[in-house]
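**Student:** Take this structure, written in structure tokens, and hold onto it; I'll ask about it next.
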């Protein structure tokens, strides 16, 4: 009985907070766990430090909203508009962000572990030091995104667009970058040990001092890429295009260079 009573109290609190949000556009620190806010108009609202665990925000308009330090674990944000939203150190673990718009969103230090970002638009997004471990970024648009020191270990970036993205010192160990577009991307000192870059486009990419140990670069396009000081020990470069690539002091020990 006590459990049911407590559950009822939580639901009542959430309902009260929903009313507050709709009337004041401010619910900082509120409990909105499990709330249904699908297709809600929440432009510029303050939801910083709010509890939005398992909340339904599918198709919601959250342009320029402040969700800093909010808990959005397992929340549904598919097709939500988060353009220029502030999500600094927000918890988005296992959140559904399929086809979400995150153009120019601020996501510094955000936890996106195991989040689903399939076909999400992250153009010019600020993802410095964000944790995207095991995240699904299949066909996501990360054009000009800042992923400096971001953690993308075992993340799926199949067919992702990372044109001119900044991935300096990013951790991409065992990440799947099959057919990804990394044209002119900055991968200086990036950790790509064991990463799969099969058929990836790395034209004019900067891989200076990058760790590509045991990486798969089969049929990858490395035309005019900068690989100075890169560690390519044991890397598979079968049929890779290295036309005009710079490999000064690069380590190609036991690398496969067929075709």
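Numbering (this note's numbering), first residue to last: 1206 to 1464. Using N, Cα and C, we set each Cβ at its ideal position, and we do this for glycine too.
Let me know if residue 1228 comes out buried or exposed under the rule of 16 or more other beta-carbons within 10 Å of its beta-carbon.
**Tutor:** Answer is exposed; the Cβ neighbour count stays below 16.
**Student:** Going by other Cβ atoms of all chains shown within 10 Å of its Cβ, with 16 needed for buried, is residue 1489 buried or exposed?
**Tutor:** Absent from the structure is residue 1489, since the part of the chain shown begins at 1206 and ends at 1464.
**Student:** I'd like the list of long-range same chain contacts for residue 1324, defined as Cβ closer than 6 Å, with 5 residues on each side in sequence excluded.
**Tutor:** Counting only Cβ-Cβ distances below 6 Å, and skipping sequence neighbours, we find 1304 and 1344.
**Student:** Can you give me the Cβ contacts of residue 1314 inside the same chain, cut-off strictly under 7 Å, excluding the 5 residues immediately before and after it?
**Tutor:** Cβ neighbours of residue 1314 beyond the five flanking positions: 1293, 1294, 1334 and 1335.
**Student:** Tell me which same chain residues have a C-beta within less than 7 Å of the C-beta of residue 1264, skipping the five on either side of it?
**Tutor:** Once the five neighbours on either side are set aside, the close Cβ partners of residue 1264 are 1243, 1244, 1284 and 1285.
**Student:** DSSP three-state call for residue 1224: helix, strand or coil?
**Tutor:** Here residue 1224 sits in helix by DSSP.
**Student:** For residue 1364, collect the residues of the same chain with a Cβ closer than 7 Å to its Cβ; drop the 5 residues on either side in sequence, then sort them by chain order.
**Tutor:** Answer for residue 1364: 1343, 1344, 1384 and 1385, listed in chain order.
**Student:** Cα separation between residue 1354 and residue 1236?
**Tutor:** Roughly 32 Å between the two C-alpha positions.
**Student:** What does the Cβ neighbour count give for residue 1253, buried or exposed, with the cut at 16 atoms within 10 Å?
**Tutor:** Flag for residue 1253 reads buried.
**Student:** Answer yes or no: do residue 1312 and residue 1331 have a C-beta to C-beta separation smaller than 8 Å?
**Tutor:** Yes.
**Student:** For residue 1208, which of helix, strand or coil comes out of DSSP?
**Tutor:** For residue 1208, the pLDDT reaches just 48, beneath the cut-off of 50, and the residue's location in the model is therefore unreliable, although a value from the coordinates is still provided. If DSSP states are grouped into helix, strand and coil, residue 1208 belongs with the helices.
**Student:** Which word fits residue 1454, buried or exposed, when buried means at least 16 other C-beta atoms lie within 10 angstroms of its C-beta?
**Tutor:** By the 10 Å Cβ count, residue 1454 comes out exposed.
**Student:** Throw me the rounded Cβ distance for the residue 1406 and residue 1426 pair, which I believe falls under 8 Å.
**Tutor:** Their Cβ separation, rounded to whole angstroms, is 5 Å, which keeps residue 1406 and residue 1426 in contact under 8 Å.
**Student:** Alpha carbon to alpha carbon, how far is residue 1377 from residue 1259?
**Tutor:** Spanning the two alpha carbons is a distance of roughly 28 Å.
**Student:** Assign residue 1319 to one of three DSSP states: helix, strand, or coil.
**Tutor:** The answer is coil: DSSP assigns residue 1319 none of H, G, I, E or B.
**Student:** To the nearest angstrom, how far is the alpha carbon of residue 1434 from that of residue 1452?
**Tutor:** Each residue's alpha carbon lies about 7 Å from the other.
**Student:** Closest to residue 1307 by CA distance: which of 1320, 1316 and 1287 is it?
**Tutor:** Among 1320, 1316 and 1287, the Cα nearest to that of residue 1307 belongs to 1287.
**Student:** For residue 1311, which three-state DSSP category applies?
**Tutor:** Three-state result, residue 1311: strand.
**Student:** Give the DSSP bridge partners of residue 1371, in chain order.
**Tutor:** DSSP output for residue 1371 lists 1351 and 1391 as bridge partner(s).
**Student:** What separation, rounded to the nearest whole angstrom, lies between the Cα atoms of residue 1246 and residue 1418?
**Tutor:** The alpha-carbon atoms of residue 1246 and residue 1418 are separated by roughly 47 Å.
**Student:** Mind checking whether residue 1347 and residue 1321 have CB atoms under 8 Å apart?
**Tutor:** Going by C-beta atoms, residue 1347 is not nearer than 8 Å to residue 1321.
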